[in-house]
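Participant:
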């Protein structure tokens, strides 16, 4: 273990001691950690705290009454938590080669102040001041990012800067991002309170970035927040602001969408894009009607293929959901020198940014700035890449994209929900900007990735108070359910108070898929009270009863559902399954044969008949239906069960062949597990225990 890793590990140990009220041990370990610290403010704070606690222990040992003792102890824990971070930073800032400490040392070598930087930002002029403005923003980011614990004066000055009418709103938003990055490096209650304040900023972009900053940092410090009640109090004040609550929901949904980005990126790279590129003439399919005469019919036939249409539809659906479908496209376009500076990943896109202005003509401004398709980081990637494209191709791309974004702007302006849509786009773009930094930045491994945390704020998070309205909880719960996060969906649904039967159906389904069958059944029963004889509810109640080993109750529910939907073949299969559970095999077969009669070539019915006939010892009928299955597209379990039938009826040779086929399809471990489950059944059907090892060795 390196010396740096040892320091970090010791800091974590100190923190754990403090959180478990082991203050004396923590202070002793802090003294070890402080070896070599030359910052007098850090050493004096430690000495003062150690002395205060020593006196406190003396008074306690002498039996001296002190009604404020518990509060003093709480304050000592709080101070020690903050000092622990200061000690670690003081030890690392001298020699650490982490990017953060390189920037910290660089910042300490200068004499920049927040006031001077604010004056520079306020005096910015588009005419000739872009380079200076760029330098000022870079210095500002480093000043904020590497700042230690804020004094009340520094916090006030930051609020003045971000709320100054003379500072560009884009610059204010950029500063808020720097605060978030600083908080991810180390905890500071003053920075948290600053973000709470800026969450109510009148500028949407500033407010969204502040709320997002709170979301990605709160979860990191869940364990220590109880020691800083002023933060919870500030969040409580925010909960009284309806606009903030609505905006927080948009931020939450944008962050939840990022959960899907990794899988979408994989699908885009491995499935969707390769399929769409499998014919290089796809672009011709998008030609105008006037040009369609030149389109090769083979291309149209290719586009109509189900696989291609399916991939195109998948991409369209993902875009409509607000999913990040461009990660795979732009992930390879982050190698420009521009992206070597961490601050540049958080800039709001501007055509006046020198790296952009030097390589792209102003004709691109409308396309790049007006659209909501790309996040800021990707806009910079696009602009920097655009400079390398020949002029003729640039004009063509501009023409096509210009029409698309003109339509987008027109639709947005005509929409009565335009302001809310703009907030949604802003939240999505910023979440994507953050996601790209923490997953694509060349030195990303030096940073804690907040997207590895659970950013569902309804899950044990101080910010949940901003999302506990029925609308917010329902929106989040529905998304979680759709994306198969069943445990979290159930938790979110439980925050909703509703008299709608569909609410209890959804809650029940989430609980059922989370294997909480008894709780799911209770929820379904409530849904049934609110709307009786709902076939969907009755079916799922029956499924839960089966899992709870209550086949009789399950059968009653399914028979009740059958009265309303007698022709539902799936329902007939379920009834048959319940009868099998109850060992009423002849009745079950009657149900399965009915399905087979009404829907020939239905493999699910064949499978049910084959297995039920085997259990009923109607081996000829079982073999007949397994032969049907084996003649189409059998599963590994079909081969296993067909082998059981052949073995029980004495055809050992065919049984060995089918068992071998099953093992090949399932894999050895899965095959052995499934075989072990059926072993008692085989013995009950006359197979000798002593023959079973021989059969397994023969496969």
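Residue numbers (the working numbering): 566 to 1264. Using N, Cα and C, we set each Cβ at its ideal position, and we do this for glycine too.
Determine the burial state of residue 619: buried for a count of at least 16 other Cβ atoms within 10 Å of its Cβ, exposed for fewer.
Facilitator: Position 54 of the chain shown holds residue 619. Exposed, since its Cβ has fewer than 16 Cβ neighbours within 10 Å.
Participant: So what does DSSP say about residue 605, is it helix, strand or coil?
Facilitator: As a working note, residue 605 is residue 40 in the chain shown. Helix at residue 605.
Participant: Mapping the DSSP letters down to three states, classify residue 1133 as helix, strand or coil.
Facilitator: Counted from its first residue, the chain shown places residue 1133 at position 568. Looking at residue 1133 - three-state DSSP - the assignment turns out to be coil, as it is neither helix nor strand.
Participant: Give the straight-line distance between the Cα atoms of residue 1257 and residue 1244, rounded to the nearest whole angstrom.
Facilitator: Against the chain shown, residue 1257 aligns to sequence position 692. Against the chain shown, residue 1244 aligns to sequence position 679. When rounded, the distance between both Cα atoms is 8 Å.
Participant: Would you mind working out which of 754, 631 and 784 sits nearest residue 1014, comparing C-alpha positions?
Facilitator: Residue numbering aside, residue 1014 sits at position 449 when the chain shown is read from its first letter. Put simply, of 754, 631 and 784 the residue whose alpha carbon is nearest the alpha carbon of residue 1014 is 784.
Participant: Between residue 1113 and residue 1082, which are expected to be in contact by the criterion C-beta below 8 Å, what is the C-beta distance as a whole number of angstroms?
Facilitator: Taking the first residue of the chain shown as position 1, residue 1113 is located at position 548. Taking the first residue of the chain shown as position 1, residue 1082 is located at position 517. Right, their Cβ atoms sit about 5 Å apart.
Participant: Is the beta carbon of residue 722 closer than 9 Å to that of residue 683?
Facilitator: On the chain shown, residue 683 is found 118 positions in, with the first residue counted as 1. On the chain shown, residue 722 is found 157 positions in, with the first residue counted as 1. Cβ distance < 9 Å, so residue 683 and residue 722 count as in contact.
Participant: CA-CA distance, residue 1241 and residue 1207?
Facilitator: What you label residue 1241 is simply residue 676 of the chain shown in a count that begins at 1. What you label residue 1207 is simply residue 642 of the chain shown in a count that begins at 1. The straight-line gap from Cα to Cα measures roughly 16 Å.
Participant: Could you compute how far the alpha carbon of residue 937 sits from the alpha carbon of residue 945?
Facilitator: Position 372 of the chain shown, counting from 1, holds the residue named residue 937. Position 380 of the chain shown, counting from 1, holds the residue named residue 945. Spanning the two alpha carbons is a distance of roughly 14 Å.
Participant: Go to residue 1285, then tell me how far its alpha helix (DSSP H) extends in each direction, as first and last residue.
Facilitator: A query on residue 1285 cannot be resolved here, the shown segment of the chain reaching from 566 to 1264 and no further.
Participant: In terms of alpha-carbon separation, which member of 1204, 710, 730 and 699 lies closest to residue 744?
Facilitator: Sequence index remark: in the chain shown, residue 744 carries index 179 (1-based). Checked all of 1204, 710, 730 and 699; the closest Cα to residue 744 is 710.
Participant: Mind pulling the alpha helix (DSSP H) runs of 4 or more residues that sit fully within the segment 1176–1223?
Facilitator: 1184–1195 and 1201–1213
Participant: Round the Cβ separation of residue 769 and residue 988 to the nearest angstrom and send it over; I've been treating them as touching at under 8 Å.
Facilitator: Translated into the one-based positions of the chain shown, residue 769 becomes position 204. Translated into the one-based positions of the chain shown, residue 988 becomes position 423. The pair is a contact, with the Cβ atoms about 6 Å apart (cut-off 8 Å).
Participant: Measuring CA to CA, which of 1209, 1063, 910 and 1141 is closest to residue 1155?
Facilitator: Along the chain shown, read from residue 1 onward, the residue named residue 1155 stands at position 590. Closest by alpha carbon: 1141.
Participant: If you compare alpha carbons, which of 1080, 1031, 632 and 1026 is closest to residue 1051?
Facilitator: Within the chain shown, residue 1051 is the residue found at index 486, counting from 1. With distances taken between Cα atoms, residue 1051 lies closest to 1080.
Participant: Rounded to whole angstroms, what is the Cα-Cα separation between residue 1177 and residue 1067?
Facilitator: Taking the chain shown and counting its residues from 1, the one referred to as residue 1177 is at position 612. Taking the chain shown and counting its residues from 1, the one referred to as residue 1067 is at position 502. Their backbone Cα atoms lie some 35 Å apart in a straight line.
Participant: Among 1149, 1193 and 1184, whose alpha-carbon lies nearest the alpha-carbon of residue 1170?
Facilitator: As a first step, residue 1170 must be located in the chain shown, where it is residue number 605. The option with the nearest alpha carbon to residue 1170 is 1193.
Participant: Since residue 773 and residue 995 should fall inside the 8 Å C-beta cutoff, what is the C-beta to C-beta distance between them, to a whole number of angstroms?
Facilitator: For the purposes of this step, residue 773 is identified with residue 208 of the chain shown, where counting begins at 1. For the purposes of this step, residue 995 is identified with residue 430 of the chain shown, where counting begins at 1. The Cβ separation is near 6 Å, so the contact holds.
Participant: In terms of residues, what are the limits of the alpha helix (DSSP H) holding residue 743?
Facilitator: In the chain shown, counting from the first residue as 1, residue 743 sits at position 178. Segment 734–750, the alpha helix (DSSP H) holding residue 743.
Participant: In the DSSP assignment, find the alpha helix (DSSP H) that holds residue 827 and state where it starts and stops.
Facilitator: Taking the first residue of the chain shown as 1, we reach residue 827 at position 262. From DSSP, the alpha helix (DSSP H) with residue 827 extends over 826–832.
Participant: Does the Cβ of residue 1251 have 16 or more other Cβ atoms within 10 Å, making it buried, or fewer, making it exposed?
Facilitator: Taking the first residue of the chain shown as position 1, residue 1251 is located at position 686. By the 10 Å Cβ count, residue 1251 comes out exposed.
Participant: Drop a sphere of 10 angstroms on the beta-carbon of residue 585, count the other beta-carbons inside from all chains shown, and report buried for 16 or more, exposed for fewer.
Facilitator: By one-based count along the chain shown, residue 585 stands at place 20. Label assigned to residue 585: exposed.
Participant: Assign residue 815 to one of two classes, buried (16 or more other C-beta atoms within 10 Å of its C-beta) or exposed (fewer than that).
Facilitator: Residue mapping note: residue 815 aligns to position 250 of the chain shown, counting from 1. Answer is buried; the Cβ neighbour count reaches 16.
Participant: Once DSSP output is grouped into helix, strand and coil, what is the label at residue 908?
Facilitator: Position 343 of the chain shown, counting from 1, holds the residue named residue 908. Here residue 908 sits in helix by DSSP.
Participant: Residue 1002 by DSSP, collapsed to three states: which one?
Facilitator: Taking the first residue of the chain shown as position 1, residue 1002 is located at position 437. Correct three-state label for residue 1002: helix.
Participant: Taking the alpha carbon of residue 1020 as the point to measure from, which residue in 1008, 906, 1034 and 1041 has its own alpha carbon closest?
Facilitator: Taking the first residue of the chain shown as 1, we reach residue 1020 at position 455. Among 1008, 906, 1034 and 1041, the Cα nearest to that of residue 1020 is on 1041.
Participant: Give the secondary structure of residue 791 by DSSP, where H, G and I count as helix, E and B as strand, and everything else as coil.
Facilitator: As a first step, residue 791 is located in the chain shown; it is residue number 226 there, counting from the start. Helix at residue 791.
Participant: For residue 707, count neighbouring C-beta atoms within 10 Å of its own C-beta (all shown protein chains included) and say buried if the count is 16 or more, exposed if not.
Facilitator: Reading the chain shown from its first residue, position 142 is the one you call residue 707. The residue in question, residue 707, is buried, as its Cβ has 16 or more Cβ neighbours within 10 Å.
Participant: Measure the Cβ-Cβ separation of residue 1076 and residue 1065 and say whether it is below 9 Å.
Facilitator: Taking the chain shown and counting its residues from 1, one reaches residue 1076 at position 511. Taking the chain shown and counting its residues from 1, one reaches residue 1065 at position 500. Result no, Cβ atoms of residue 1076 and residue 1065 do not sit closer than 9 Å.
Participant: Alpha carbon to alpha carbon, what distance is there between residue 1181 and residue 823?
Facilitator: In the chain shown, residue 823 corresponds to position 258, counting from 1. In the chain shown, residue 1181 corresponds to position 616, counting from 1. Cα to Cα, the separation comes out at about 52 Å.
Participant: As a quick exercise: from 778, 713 and 753, pick the residue whose alpha carbon is nearest that of residue 740.
Facilitator: Within the chain shown, residue 740 is the residue found at index 175, counting from 1. Comparing Cα positions, the closest option is 778.
Participant: Tell me whether the segment 1146–1165 and the segment 1128–1138 touch, counting them as touching only if at least three CB pairs, one residue from each stretch, are closer than 8 Å.
Facilitator: A contact is defined here as three or more CB-CB pairs under 8 Å, and the segment 1146–1165 meets this definition with respect to the segment 1128–1138.
Participant: Among 649, 702, 1201 and 601, which has the Cα closest to the Cα of residue 610?
Facilitator: In the chain shown, residue 610 corresponds to position 45, counting from 1. The closest CA to that of residue 610, considering only 649, 702, 1201 and 601, is found on 649.
Participant: Where does residue 800 sit, in a helix, a strand or coil, going by DSSP?
Facilitator: Position 235 of the chain shown holds residue 800. Three-state result, residue 800: helix.
Participant: Counting only the same chain and skipping the five closest in sequence on each side, list residues whose C-beta sits under 6 Å from that of residue 1263.
Facilitator: As a position in the chain shown, residue 1263 is number 698, starting the count at 1. Excluding sequence neighbours, residue 1263 sits near 1221.
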